[in-house]
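Undergrad:
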Amino acid sequence: MKNRLQDIATLDLVQNKNRIKWLIFICSMVIGFGSIYYTNRLVEELKEREKRQIELLAKALEYASLYTENLNFINQEIIQENNSIPVIVVDAYDNPIEYRNIKLNKNLKKDEVLEILKEELVKMKAEYEPIAMEDALVYYRNSELLTSLKYYPYIQLSVILVFGILAYAVFNQSKVAEQNRVWAGLTKETAHQLGTPIASLMAWMDYLKDSPVWEENKEVIQEMDKDVVKLRMVTERFSSIGSAPIIQPENVFQVVDEAISYLRPRISTKVEMKVNGYSENIDAMINKPLFEWVIENICKNAVDAMKGQGVISIDIVKESEKFVFVDISDTGKGMEKNMYKKVFNPGFTTRRRGWGLGLTLAKRIIEGYHKGKVFVKHSETGKGTTFRIVLNGVKDSIPEIKPEGFLYKKFS
């Protein structure tokens, strides 16, 4: 019971993966904007503080010009205390007469210093209104600390974002690599475990063919032989997934034809299956056993969607020298657009006893081993669904010949 609950929890986690991602993203945005908001408030408070400090400085300068007593206190405790805020005092004609905290080279001439002060004055005028004195104006701008603090949250968030993306990419890649190792190990072990009993069954089939019961049960034994061959093929498929499969040029029309020929007697007789194409000379880079498995999985899903009654059409089109399209359409119940990607998630199934691995396996085979694409091209509720498989073409293959008639093969 405990393991069952763990399995359900795992499936729920997989199926709600996108929701969890969005939840993490929203939380990150809230934290990020909260940090920016708080820092901006702090910056505004510091701006007000610096403004009050400059106002005090202006009053001190004005007082110092009028009264000589306590001048030492004013100079040391107020004027000299400002060691961070850049300040320029100008006369009535906008000429700099005093400045503080402006970085200047000691070797500069008087004219050069004046030019730099005027440039700084332009920047200060753009930032804040001056503070008026009796015969002068005090201009200032933000201190370096305040300027740094203003941009700090954006730099901080950028660094966190970069590290977050890198960490996500590394951990995601590590997770995928681990899944690949588990997948490969599982399939190899499955192929190994099935190998011995299948070899034994094949030997028994040979014995039955040479035994006296052959004539009486010829039909039954032949069907059993086909199923044993199918079991051997399944073992080969698992073995191929557990290792690096051989991808080579194959005739797509023939491979699909063979897959459908095997599948036809094993599904409902009320399902009509047909393969369409402009030419039978369409080659693509595929692994035959694995690609047949993909066709079978998608077609079986289509049969389930149609509840054992309807039409499955497979259209093979050579889009260009680079790509071959295989479109598998059914007349089933269809699906909503938000389900297009979910159907490929591990464990996703609409059947009561389904494993939810058929389309996941198909996606892995096409995208992982064939470097192609498989996706829901179109679906309409109550009318059916079309899956598209994109395969890599063969550059040196025989040019496609389009006869007047459209090739059509019906399986019934």
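With the UniProt record's numbering, the residue at position 80 of the sequence shown is 80, and numbering never jumps.
Cβ coordinates follow ideal geometry from the N, Cα and C atoms, glycine included.
#1: Span of the beta strand (DSSP E) holding N392?
#2: Is the beta carbon of I286 closer than 9 angstroms to that of E250?
#3: Closest to D254 by CA distance: which of E127, I198, V275, I246 is it?
#4: Determine the direct distance from the alpha carbon of L359 to that of R19, and round the result to whole angstroms.
#5: Hey, how far is the Cα of G32 from the Cα of I165?
#6: Nearest-angstrom Cα distance between T349 and S148?
#7: Leaving aside the five residues before and after residue 434 along the sequence, list all residues of the same chain whose C-beta is less than 8 angstroms from its C-beta, in chain order.
#8: Report all residues from its chain with a CB closer than 6 angstroms to the CB of residue 423; omit the five preceding and five following residues, and keep chain order.
#9: Using 8 angstroms as the threshold, is the region 322-341 in touch with the region 361-368, meaning 3 or more CB pairs across them?
#10: If we ignore side chains and look at the alpha-carbon of each, how far apart do E98 and L157 end up?
#11: Alpha carbons only, please: which of E280, L146, V89 is nearest the one belonging to V317?
#12: Please classify D210 as buried or exposed, where buried requires at least 16 other C-beta atoms within 10 Å of its C-beta.
#13: Pull up the DSSP beta-bridge partners for V374, would you.
#14: Where does K118 sit, in a helix, a strand or coil, going by DSSP?
#15: Is the Cβ-Cβ distance between I312 and V256 less than 9 angstroms?
#16: What does a CB cutoff of less than 6 angstroms around T190 pick up in its chain, not counting 5 residues either side in sequence?
#17: Is N392 near K377, with beta carbons less than 9 angstroms apart?
#18: If you check the beta carbons only, do V213 and I221 fall under 9 angstroms apart?
#19: Taking its Cβ as the centre, do 16 or more other Cβ atoms sit within 10 Å of F25, making it buried, or is it exposed?
#20: Is V394 near the ligand PLP, judged by its Cβ being under 8 angstroms from some heavy atom?
#21: Please name the residue in K175, E319, H192, K51 whose C-alpha comes closest to that of D283.
#22: Could you tell me the distance, in whole angstroms, from the CA atom of K51 to the CA atom of V159?
#23: The beta strand (DSSP E) with A302 in it runs from where to where?
#24: In terms of alpha-carbon separation, which member of Q53, M29, E215, D206 lies closest to Y154?
#25: Take A203 as the anchor and find which of H192, E216, V182, D225 has the nearest alpha-carbon.
#26: Please classify Q309: does DSSP put it in a helix, a strand, or coil?
#27: Which residues does DSSP list as the beta-bridge partners of K318?
#28: Specify, as a first and last residue, the run of the beta strand (DSSP E) that L137 falls within.
#29: Does E258 come out as helix, strand or coil in the three-state DSSP assignment?
#30: Rounded to a whole number of angstroms, what is the C-alpha to C-alpha distance between Y262 and R181?
#31: Which same chain residues, not among the five before or five after P403, have their C-beta less than 6 angstroms away from its C-beta?
#32: Which of the three DSSP states is assigned to G277 in this structure?
TA: This is what the structure gives:
#1: 384-392
#2: yes
#3: Residue identity differs from the one stated: residue 254 is Gln in this sequence, not Asp. Checked all of E127, I198, V275, I246; the closest Cα to Q254 is V275.
#4: 21 angstroms
#5: 15 angstroms
#6: 54 angstroms
#7: What is shown of the chain runs 1 to 412, which leaves residue 434 out entirely.
#8: Examination of residue 423 is not possible in this model, given that the chain is present from 1 through 412 alone.
#9: no
#10: 40 angstroms
#11: E280
#12: exposed
#13: I389
#14: helix
#15: no
#16: F238
#17: no
#18: yes
#19: exposed
#20: As far as ligands go, the structure on display features none, and thus does not contain the ligand PLP.
#21: E319
#22: 32 angstroms
#23: Here A302 belongs to no beta strand (DSSP E); instead the alpha helix (DSSP H) covers 288-305.
#24: M29
#25: D225
#26: coil
#27: V324
#28: 137-140
#29: helix
#30: 31 angstroms
#31: Note on P403: pLDDT 37, under 50, position unreliable in the model; no value is reported.
#32: strand
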